[in-house]
Amino acid sequence: MNENPPPYQDKLELSLFLFRITIFTVMLAWTIDKFTNPGHGVRILEGFYKIGGVGETVIMIMGAVELVIILAFLAGMWKKYTYGFVMILHGLTTFASWSAYVPPDVSLTFFAAWPMLAACISLYLLRDLDVKFVLGR
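Heads up: the sequence shown begins at 0 in numbering that gives the first Met the number 0, then just goes up one per residue.
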């Protein structure tokens, strides 16, 4: 029986780790925004999701829950759930911004969400192979 890992194993593990750390970085920025500018979160819920009447306290609670989940995501813990949460959350935000992808309101900045969504999906699908720098390995 061959005990040697495939020659691409190190590259795959590094690539998945880089996906995890960079996705976390983007998610962390959005999470911090919920604490430093909760009014922005209220406006996002109203403008993109058509959810009104949410106070800033709720946004900050959402930020606290999100922070716990993305820290577990960064640590590679409970991958099915944390990677799934990040993938679904980013997918929702990507699709909720549909008006930014069509004329006359095209915003090129929003297009960066698509490769990140692909990275989230890839990381979720390959989560069992993401073993570099994970807790509880």
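Beta carbons are placed, not taken as given, at the ideal position from N, Cα and C, and that holds for glycine.
**OP:** If I'm right that Leu122 touches Leu15 with Cβ under 8 angstroms, what's the distance once you round it to whole angstroms?
**Re:** 6 angstroms
Original post:
Taking Cβ positions, are Met86 and Ile43 nearer each other than 9 angstroms?
Top reply: no
Original post:
Are Ala118 and Phe18 touching if we call contact CB-CB under 9 angstroms?
Top reply: yes
Original post:
In three-state terms, what does DSSP make of Glu2?
Top reply: coil
Original post:
With 16 other CB atoms within 10 Å as the buried threshold, where does Pro101 fall?
Top reply: Reading the sequence as shown, one finds Val at residue 101 and not Pro. Classification for Val101: exposed.
Subject >> Separation of Phe72 from Phe84, as counted between CA atoms >> reply: 9 angstroms
Subject >> Residue from Met59, Tyr48 and Ile20 whose Cα sits closest to the Cα of Pro37 >> reply: Met59
**OP:** Step through the CB atoms of chain B and report whether any lies within less than 9 angstroms of the CB of Gly40.
**Re:** Structure shown: chain B not included; a single protein chain is present.
**OP:** State yes or no: is the C-beta of Val41 within less than 9 angstroms of the C-beta of Gly54?
**Re:** yes
Original post:
Is Asp129 buried or exposed, if buried means 16 or more other CB atoms sit within 10 Å of its CB?
Top reply: It counts as buried.
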